[in-house]
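J.: Residue numbers (the numbering used here): 10 to 382.
Heads up, the beta-carbon is just placed ideally off N, CA and C, and yes, glycines get one too.
Let me begin by handing over the structure; questions about it come next.
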Ligand SMILES: Cc1cc2nc3c(=O)[nH]c(=O)nc-3n(C[C@H](O)[C@H](O)[C@H](O)COP(=O)(O)OP(=O)(O)OC[C@H]3O[C@@H](n4cnc5c(N)ncnc54)[C@H](O)[C@@H]3O)c2cc1C
């Protein structure tokens with residue numbers, strides 16, 4: 010059996026960041042990831058600047074991200090406001106971002122296995138993980154960073170798995186001249202909302218979240234885009250003029266925003282595995298990276314202690330995670346409820362036009378301050 014200090018399940022943003030942080034502190038780290046790099050993922054690809062100083066400390070060089078400091082928001086009918094983002098962010102594809110983290114992790118000596126983990130067992134203060142091909146790995150610490158939903162959640166009997174989620178995510182890259190570099194746009198349509206922003210390649214990422222009820226009577230994404238999404242005049246204009254780059258859109262179903270737990274079978278859950286903020290906040294990626302930092306710091310103090318207390322490790326991680334993210338998640342939930350109801354969305358729009366300070370307050374309630382080690 011292969012033995013490590015720490016095994017991380019899932020090499021997305023949370024898993025790769027934790028791997029980087031821990032390997033830089035001289036621990037032996039294995040990441041088990043089910044897909045090879047690089048690959049595209051359903052994501053709005055707007056990355057908040059709050060994680061920039063931390064990624065710099067970890068030695069991650071991002072390849073030409075686009076600098077974004079302006080938000081455009083529109084209602085279904087096309088009423089809009091434009092606001093400056095307090096902290097701003099970057100436009101970078103997941104293809105490039107995850108690859109940059111992966112390559113830095115390889116340079117740090119992190120080991121990778123490309124398979125899915127199907128089972129985690131905890132006995133005698135150690136973990137044994139089994140992959141789909143039957144390989145086994147052993148470690149004192151496991152981080153669960155396998156994203157929004159996985160077969161592992163069933164194995165762990167997590168509550169949210171039993172509840173169906175109505176949300177679908179759809180994403181596609183397009184080419185369009187004259188799309189401003191510095192803009193992230195959030196446009197509403199019946200049953201959902203779409204984000205538009207440029208990535209490092211110059212392609213524009215078009216990504217939306219939609220309620221399945223709104224989607225189900227249309228045969229496919231093309232019909233839905235024509236008949237529902239394009240009712241918003243900004244989205245209609247975009248879809249008429251932009252040229253698709255992918256052969257077909259990427260999609261994911263059952264995107265769950267339910268509350269989750271931060272510890273399961275003694276694993277520390279990180280990123281979306283511990284909880285997903287509504288995408289309209291544009292903060293899920295930063296939260297995933299930040300939660301990895303919290304997990305890594307808790308693990309380093311646990312492994313460096315003379316008297317190791319797993320109970321203290323778990324309780325420290327849980328309380329820091331809650332203090333950092335619980336209010337943000339709640340603010341995201343409230344914001345989503347308001348924006349999905351046309352009347353409330355119009356009220357918010359009017360308030361935002363009258364007093365732009367409100368927009369900054371709302372954005373701040375779902376974001377954090379710049380993070381460093
Ligand atoms: C429609 C939509 C739009 C979004 N837009 C934005 C945005 O613009 N800005 C933003 O900041 N956030 C956005 N988010 C949120 C953001 O995408 C997530 O918060 C972020 O990807 C979380 O990273 P993660 O590392 O937790 O999970 P992931 O990046 O999903 O990584 C999980 C990894 O685990 C692997 N895995 C899964 N199961 C197993 C297994 N059993 N064994 C091994 N590996 C496994 C997967 O292959 C994957 O690579 C959006 C989300 C959605 C749904």
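CB residue 224 to CB residue 204, shorter than 8 Å?
T.: no
J.: Taking 8 Å as the cut-off, decide whether the C-beta atoms of residue 372 and residue 95 are in contact.
T.: Closer than 8 Å, so yes.
J.: With a 10 Å radius around its C-beta and 16 neighbouring C-beta atoms as the bar for buried, classify residue 207 as buried or exposed.
T.: buried
J.: Which residue comes first and which comes last in the alpha helix (DSSP H) that contains residue 71?
T.: Element bounds for residue 71: n/a, residue is neither H nor E.
J.: Under the rule that 16 or more other beta-carbon atoms within 10 Å means buried, what is residue 281, buried or exposed?
T.: Buried.
J.: Assess contact between the segment 132-144 and the segment 75-85, defined as three or more Cβ pairs (one per stretch) separated by less than 8 Å. Is contact present?
T.: no
J.: At the level of alpha carbons, what is the spacing between residue 50 and residue 40?
T.: 18 Å
J.: Between 250, 243, 176, 229, which lies nearest to residue 185 when the distance is taken from Cα to Cα?
T.: When 250, 243, 176, 229 are compared, the shortest CA-CA separation from residue 185 is found for 250.
J.: Are residue 25 and residue 110 closer than 8 Å when you measure CB to CB?
T.: yes
J.: Using beta-carbon positions only, say whether residue 334 and residue 296 come within less than 8 Å of one another.
T.: yes
J.: Among residues of its own chain, excluding the 5 on either side of residue 239, which ones have a beta-carbon nearer than 7 Å to its beta-carbon?
T.: Only 245, 248 meet the Cβ criterion.
J.: Count the other CB atoms within 10 Å of the CB of residue 262; is the residue buried (16 or more) or exposed (fewer)?
T.: exposed
J.: Less than 7 Å between the CB of residue 223 and some heavy atom of ligand 1, yes or no?
T.: Incorrect: residue 223 has no Cβ contact closer than 7 Å to ligand 1.
J.: Please state the DSSP three-state secondary structure of residue 270.
T.: Of the three classes helix, strand and coil, the one that applies to residue 270 here is coil, per DSSP.
J.: If you pair each beta-carbon of the segment 145-157 with each one of the segment 270-284, do three or more pairs fall below 8 Å?
T.: Three or more beta-carbon pairs separated by less than 8 Å link the segment 145-157 to the segment 270-284, which places the two stretches in contact.
J.: Have a look at the DSSP bridge pairing and note the partners of residue 182.
T.: 214
J.: Alpha carbon to alpha carbon, how far is residue 229 from residue 255? Give it in angstroms, no decimals.
T.: 16 Å
J.: To the nearest angstrom, report how far apart residue 31 and residue 277 are at their CA atoms.
T.: Approximately 14 Å between the Cα atoms of the pair.
J.: Is the beta carbon of residue 347 less than 8 Å from the beta carbon of residue 339?
T.: no
J.: Between residue 179 and residue 260, how many whole angstroms is the CB-CB distance? I'm expecting something under 8 Å.
T.: 5 Å
J.: Spell out a yes or no on whether the segment 11-29 and the segment 137-155 are touching, meaning 3 or more CB-CB pairs, one atom from each, closer than 8 Å.
T.: yes
J.: Using the DSSP secondary-structure output, state which residues sit across from residue 130 in a beta bridge.
T.: Bridge partners of residue 130: 137.
J.: Alpha carbon to alpha carbon, how far is residue 163 from residue 123? Give it in angstroms, no decimals.
T.: 21 Å
J.: Whole-angstrom Cβ separation of residue 377 and residue 214, contact assumed at under 8 Å?
T.: Actually they are not in contact, since the Cβ atoms of residue 377 and residue 214 sit about 23 Å apart, beyond 8 Å.
J.: Assuming residue 25 is part of the alpha helix (DSSP H), what are its boundary residues?
T.: 22-32
J.: Residue 56 to residue 191, Cα distance in whole Å?
T.: Take the alpha-carbon of residue 56 and the one of residue 191: they are about 13 Å apart.
J.: Between residue 99 and ligand 1, is there a pair consisting of the residue's CB and a ligand heavy atom that are separated by less than 7 Å?
T.: In terms of side-chain proximity, the C-beta atom of residue 99 is found no nearer than 7 Å to any non-hydrogen atom of ligand 1.
J.: Are the beta-carbon atoms belonging to residue 18 and residue 161 less than 8 Å from one another?
T.: yes
J.: May I ask whether a heavy atom of ligand 1 can be found less than 7 Å away from the beta carbon of residue 75?
T.: no
J.: Taking 8 Å as the cut-off, decide whether the C-beta atoms of residue 105 and residue 209 are in contact.
T.: yes
J.: Less than 8 Å between the C-beta atoms of residue 323 and residue 272, yes or no?
T.: yes
J.: Closer than 7 Å: is that where the CB of residue 24 sits relative to any heavy atom of ligand 1?
T.: True, at least one ligand heavy atom lies under 7 Å from that Cβ.
J.: So what does residue 220 bridge to, in DSSP terms?
T.: 176
J.: Between the C-alpha atoms of residue 227 and residue 220, what's the straight-line distance to the nearest angstrom?
T.: 13 Å
J.: State the Cα-Cα distance for the pair residue 142 and residue 127, rounded to the nearest angstrom.
T.: 9 Å
J.: Is it buried or exposed, residue 116, if we count other Cβ atoms within 10 angstroms and call 16 or more buried?
T.: exposed
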